[in-house]
Amino acid sequence: MVALSRSPDSTCYPARPTSFSGAPSPSTSLTSPAGSPSPVNASIKQLTKNASFSVQLLPDITWDQINVLSIWDIASTSDFGHVTLPRNGSDSVSDSVHTVFDNCKNLSDNYRVRWNLNVEENWIEIGLEAAAPTTYYMAFGWANPNRTKELMSEADVTVASFTEEGRPFVDDFYITAYTECKLSSKDRTAIGVCPDVVYENSKNGMMVNNTRLVYGHRRDGVSLIMFRKPLNSTDKKYDLPVYPNEDMRVIWALGLMKPPNENRSHFLPQFHGGPEKVAYGHLVLNVSEKVDDCFGPLDADDNEDQELIIADTEVPLVVTTGEVLHYPNPPSPSKVLYINNKEAPVLRVERGVPVKFLVQAGHDVALYITSDSLGGNATLRNATETIYSGGPEAEGVVANPHELIWVPDRNTPDQVYYQSLYQEKMGWKVQVVDGALSDMYNNSVLLDDQQVTFFWTLSEDSITIAARGVKKSGYLAIGFGNGMVNSYAYVGWIGDTGKGHLNTYWIDGKRPLNIHPTNENLTHVRCRSEDGIITLEFTRPLKPSCNQNDKPECKNIVDPTTPLKVIWAIGSKWTDDHLSEKNMHTVTSQRPVQVLLIRGSSEAEQGLQPVLAVHGFMMFLSWGILIPGGILAARYLKHVKGDGWYQIHIYLQYSGLAIILLGVLFAVAELRGFYVSSLHVKLGIAAIVFASVQPMNAYLRPEKPANGEDASTKRLI
1 MVALSRSPDS
11 TCYPARPTSF
21 SGAPSPSTSL
31 TSPAGSPSPV
41 NASIKQLTKN
51 ASFSVQLLPD
61 ITWDQINVLS
71 IWDIASTSDF
81 GHVTLPRNGS
91 DSVSDSVHTV
101 FDNCKNLSDN
111 YRVRWNLNVE
121 ENWIEIGLEA
131 AAPTTYYMAF
141 GWANPNRTKE
151 LMSEADVTVA
161 SFTEEGRPFV
171 DDFYITAYTE
181 CKLSSKDRTA
191 IGVCPDVVYE
201 NSKNGMMVNN
211 TRLVYGHRRD
221 GVSLIMFRKP
231 LNSTDKKYDL
241 PVYPNEDMRV
251 IWALGLMKPP
261 NENRSHFLPQ
271 FHGGPEKVAY
281 GHLVLNVSEK
291 VDDCFGPLDA
301 DDNEDQELII
311 ADTEVPLVVT
321 TGEVLHYPNP
331 PSPSKVLYIN
341 NKEAPVLRVE
351 RGVPVKFLVQ
361 AGHDVALYIT
371 SDSLGGNATL
381 RNATETIYSG
391 GPEAEGVVAN
401 PHELIWVPDR
411 NTPDQVYYQS
421 LYQEKMGWKV
431 QVVDGALSDM
441 YNNSVLLDDQ
451 QVTFFWTLSE
461 DSITIAARGV
471 KKSGYLAIGF
481 GNGMVNSYAY
491 VGWIGDTGKG
501 HLNTYWIDGK
511 RPLNIHPTNE
521 NLTHVRCRSE
531 DGIITLEFTR
541 PLKPSCNQND
551 KPECKNIVDP
561 TTPLKVIWAI
571 GSKWTDDHLS
581 EKNMHTVTSQ
591 RPVQVLLIRG
601 SSEAEQGLQP
611 VLAVHGFMMF
621 LSWGILIPGG
631 ILAARYLKHV
641 KGDGWYQIHI
651 YLQYSGLAII
661 LLGVLFAVAE
671 LRGFYVSSLH
681 VKLGIAAIVF
691 ASVQPMNAYL
701 RPEKPANGED
711 ASTKRLI
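If you read the sequence shown in UniProt numbering, its first letter stands for residue 1, the second for the next number, and so on.
Structure representation (structure tokens):
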């Protein structure tokens, strides 16, 4: 509570609780909202939650000159919290707003349950209230009375949360196992923490969600969702009866909610984690007894609940200006940026997905995306900023709007800001979240056996790479080389604490002791697991910046102009400590895939055996059968009447030469080039040259002399 002093005798009047978006600095000044020199100045030392302090006005200042009292941070020009003061006695201190519930019980410091009971009509109305992010769920329900441990198993729980659009919802859940809801691989029945409808939908489609939403909202970072459920439900399989006059064990939890995707239509609560009585807990409750131990409103650590706009690549974001009504970071100019008619909303974008702005805020407002929370050209404040898009040219009016397209990439920070280049604090936050990997990367190919997808984006002197498996695994590895031996490997795995790791190695054998850690210059490294499927990402230079060429990683050069041979492996467990046989892969690629980095495609490495077989057969047919056959025809068939021997000789020789040339072209096409480094190729070229000279010689050779005449010198040559 903040105590406001209105007179020299320091009589204090309580103001409504104010939540802070960050801890104040050791010395924080209180100023008027216009940012004028402070008429009141207080030094705050070790200010903690629910602490009180008094403010004494200077002798020449009266309260009717001040309408806002603020906790102010000078460095970031941010309002950590403020109260609006009554003017001329027109706004007296308001009475507390009475709750619509008869009972309230604190479950933790930031979570409480409220309820009304109507035994005659067989229902209980429950309100779950928590100071938690919108992406969190609130779970509350009754434990199975026959269980004395593992109370969440076989429990009947209601889970409440908000959709991405901010709509409240509730679902009836039944817990069969301490896992995320999934379908059994044997009979496709549901198991885990699942909505009741999922259990029945897996059998006969019967609807069993007997919990009904009544109301829900978020205010100042606090969620409140009200729902009604029967005391004695018609669903005897998944709902437990609530005996209103008996002590019953109830359970509760707070945690992250996973939204639906293309494979499932339901929101699913994730493991709550955290310590007991903070993230989860249980207690004995008799709902017919009057309980009210909730004093004052919940105070959220982050009370910013601005409008949220999720960018859609098909729908442009119209940027205008308007009057200040509820700007999230006061004070602000007299006008602020509006997006799609919403005042300074939080904007959520996906990496790799283009965002189109139609800027029509006037010629005095130039939109830009910046790392600076204040905007207004940070260089004028001797500050630094990174500009991701926009600038002086991004200004327009309704009749002639400016179209600005911004594509956040995987290196864009999780939070940036949209602001005006010419005025501070007109815009607000941009949340940058991961999109699909296919959106974040320019190219992708499936590796051998189609169990790993390889993504990449080339830049001038670096390459950004991602790999994602299709099966659950303990680790995912990709490597550059013809096989595991003599390859450069990148291994991503999730540690025991849930943190992702990625290490690099040089492998010169097939045993754990042949796996040598390297020190490659990787940046923007990420490794995560979703439903047990690992995705790893990193950026590396095309040419390592090594001074010591004896290090293996110094030879790991990626040349975009030549095919990159990529292999993969997955296994059950990895560690950055001592490796053993347990860490060896369980599934691996059978052959490398040649990735054509510039072209954006790939070709499977077939190996040389099929090429040599076809090439060798063609050469054997020509050099071993056709050409010798032509020679033998000229040597031993001249006694045959006519020129039959000559026709056989010509056809066999020309056929042999044609097959030789086809064999060469086949080898060149399969090997993707004409290489003369080996002795085999050099001797082959010499033989082909001599073979090609033979028909030229036959064409230029003078006619055979008549019987009895001597052959000419040219013919002999």
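Even glycine gets a Cβ: it sits at the ideal position worked out from N, Cα and C.
query: Cβ-Cβ distance between Thr-539 and Thr-464 below 7 Å; result: yes
query: Assigned exposure category for Val-693 - 16 Cβ within 10 Å defines buried; result: exposed
query: Expected contact under 8 Å - CB spacing of Leu-564 and Val-595 to nearest Å; result: 5 Å
query: Straight-line Cα distance separating Glu-165 from Gly-296; result: 29 Å
query: Outcome for Ala-378 when other beta-carbon atoms lying within 10 angstroms are tallied against a minimum of 16; result: buried
query: Cβ neighbours of Ala-130 in the same chain (closer than 8 Å, five flanking residues each side left out); result: Asn-110, Tyr-111, Arg-112, Tyr-136, Met-138, Val-222, Ser-223, Leu-254 and Leu-298
query: Residues bridged to Lys-342 (per DSSP); result: Ile-339
query: Euclidean distance between Cα positions of Val-159 and Asp-102; result: 22 Å
query: CB contact below 7 Å: Thr-384 versus chain D; result: Note that chain D does not occur in the displayed structure, where there is just one protein chain.
query: Of the residues Met-152, Met-226 and Asp-292, the one placed nearest Arg-249, counting alpha carbons only; result: Met-152
query: Candidates Met-257, Glu-246, Asn-144 and Lys-149: closest to Pro-168 by CA position; result: Met-257
query: Spatial neighbours of Asn-697 in its chain, beta-carbon cut-off 7 Å, leaving aside the 5 residues before and after; result: none
query: Extent of the continuous alpha helix (DSSP H) run through Lys-682; result: 679–700
query: Buried or exposed (CB count within 10 angstroms, at least 16 for buried), Pro-354; result: exposed
query: Where Ala-300 sits in the DSSP three-state scheme; result: coil
query: Distance CB(Asn-411)-CB(Tyr-488) smaller than 7 Å; result: no
query: Exposure label - Tyr-174; buried when at least 16 CB within 10 Å; result: buried
query: Of the residues Met-440, Pro-259, Val-208 and Gln-590, the one placed nearest Glu-537, counting alpha carbons only; result: Met-440
query: Assumed close pair Leu-476, Gly-500 - CB separation to whole angstroms, cut-off 8 Å; result: Rounded, the Cβ-Cβ distance is 11 Å, inconsistent with contact.
query: Distance between Glu-314 and Arg-114 (C-alpha atoms, nearest Å); result: 43 Å
query: Beta-bridge partners of Glu-530, as assigned by DSSP; result: Ile-533
query: Which of helix, strand or coil DSSP assigns to Tyr-654; result: helix
query: Cβ-based burial, Arg-351 [other Cβ within 10 Å; buried from 16]; result: buried
query: Cβ contact check for the stretch 617–635 and the stretch 644–654: 3 or more pairs under 8 Å; result: yes
query: Reference Glu-553, options Ser-70, Leu-522, Ile-570 and Gln-415, closest by Cα; result: Leu-522
query: Gln-647 - DSSP class collapsed to helix/strand/coil; result: helix
query: Thr-453 - containing beta strand (DSSP E), residue span; result: 452–458
query: The stretch 318–328 in contact with the stretch 274–289 per 3-pair CB rule at 8 Å; result: no
query: Whole-Å CB distance - Leu-367 paired with Ile-309, under 8 Å assumed; result: About 15 Å; that fails the 8 Å criterion.
query: Close beta carbons around residue 723, own chain, < 7 Å, minus the five adjacent residues each side; result: Nothing can be reported for residue 723, as the shown portion of the chain is limited to 1 through 717.
query: DSSP-derived helix/strand/coil call for Thr-713; result: helix
query: Continuous alpha helix (DSSP H) stretch holding Ser-153: start and end; result: That residue, Ser-153, is in no alpha helix (DSSP H); it is neither H nor E in DSSP.
query: Range of the contiguous alpha helix (DSSP H) that encloses Pro-628; result: 627–636
query: Straight-line gap, Ile-494 to Ser-529 (C-alpha atoms, nearest Å); result: 7 Å
query: Beta-bridge partners of Glu-129, as assigned by DSSP; result: Arg-112 and Leu-224
query: Beta-bridge partners of Asn-261, as assigned by DSSP; result: Arg-264
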